[in-house]
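In the working numbering, the protein residues as written are 246 to 484.
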């Protein structure tokens, strides 16, 4: 039964569909790896910010009181919670469309995009739902890690002469970087999920949307004004 379903799906996809899907997934994976593992000659904004997050924890050690640090962690958790909630709503909407693709077929007919089988519409919506679900899981884990970071920050001794003071701050920095990395991965996945929406128009639109998403991510990480500002006085990197 499963084999028959997959055969039916594959028979509905054209070579252009396969090429556009390959670009989407390869771009998603390769762009993420390149951002998190950039060459030393052109470091990404994400890596620059990781160094500043580590510097944040260094400065927190000598800051009294630490109300500002607690507020910042709270704001970061709220951001992760907001996007987790938003993606959950998107997942619900996508699942509702999977059970009733008639509205999409009516829109396609209005735009003279052809009359595709219901199964093909369902496959396209399911792809978007899967990407959004992946983003949701990343946001939830990021939210949890921000909570862990808050606990570790609270465990940093106020006494600068305490032998565990700097070690605890370094642990908090590591968790903060992991939490932020998870949030950033969720954002990237959300971007590519939005690009996947273009597949509802056709494979050509999906290819163009994916290329535009890759270009936007590259510019923001490697050629943006934000990167230039961070490079004017970068934080020391961990060796």
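All C-beta atoms in this analysis are idealised placements derived from N, C-alpha and C, irrespective of residue type, glycine included.
What's the gap between the Cα of residue 342 and the Cα of residue 328? 21 Å
Using C-beta distances below 7 Å, list every residue in its chain close to residue 356, excluding the 5 sequence neighbours before and after it, in chain order. Its pLDDT being 49, under 50, residue 356 is placed unreliably in this model, and the value from its coordinates should be taken loosely. Closer than 7 Å at the Cβ level, and outside the excluded window around residue 356, lies no residue.
What does the alpha-carbon distance come out to for the pair residue 472 and residue 274? 22 Å
Can you grab the Cα-Cα spacing for the pair residue 311 / residue 317, in whole Å? Approximately 10 Å, taken between the alpha carbons.
Local conformation of residue 356 per DSSP, three classes: Unreliable positioning characterises residue 356 in this predicted model, as indicated by a pLDDT of 49, which lies under 50. The coordinate reading is nonetheless provided below. Here residue 356 sits in coil by DSSP.
Short check: CB of residue 424 to CB of residue 399, under 7 Å? no
Could you check where the alpha helix (DSSP H) with residue 383 kicks off and where it finishes? The continuous alpha helix (DSSP H) containing residue 383 extends over residues 363-400.
Pick helix, strand or coil for residue 455, following the three-state DSSP scheme. helix
Simplified DSSP state of residue 482, which is helix, strand or coil: coil
CB contact flag (residue 277, residue 433, <7 Å): It is a contact, given that the beta carbons lie within the stated cut-off.
Just tell me which of 456, 412, 294 has its CA closest to the CA of residue 440. 456
Does DSSP classify residue 257 as helix, strand or coil? Here residue 257 sits in helix by DSSP.
Taking 6 Å as the limit between beta carbons, can you name the residues of its chain near residue 321, skipping five residues before and five after? 391
Whole-angstrom distance between residue 309 and residue 429, CA atom to CA atom: 30 Å
Who are the Cβ neighbours of residue 380 in its own chain at under 6 Å, not counting the five residues just before and after it? 332, 431, 434, 435
Could you compute how far the alpha carbon of residue 258 sits from the alpha carbon of residue 319? 46 Å
Using a 10 Å radius around the Cβ and a threshold of 16 neighbouring Cβ atoms, would you call residue 369 buried or exposed? buried
Does the Cβ-Cβ distance between residue 374 and residue 339 come in under 7 Å? yes
From residue 366 to residue 446, what distance separates their C-alpha atoms? 10 Å
Nearest to residue 279 by alpha carbon, out of 467, 378, 482? The shortest Cα separation from residue 279 among 467, 378, 482 belongs to 467.
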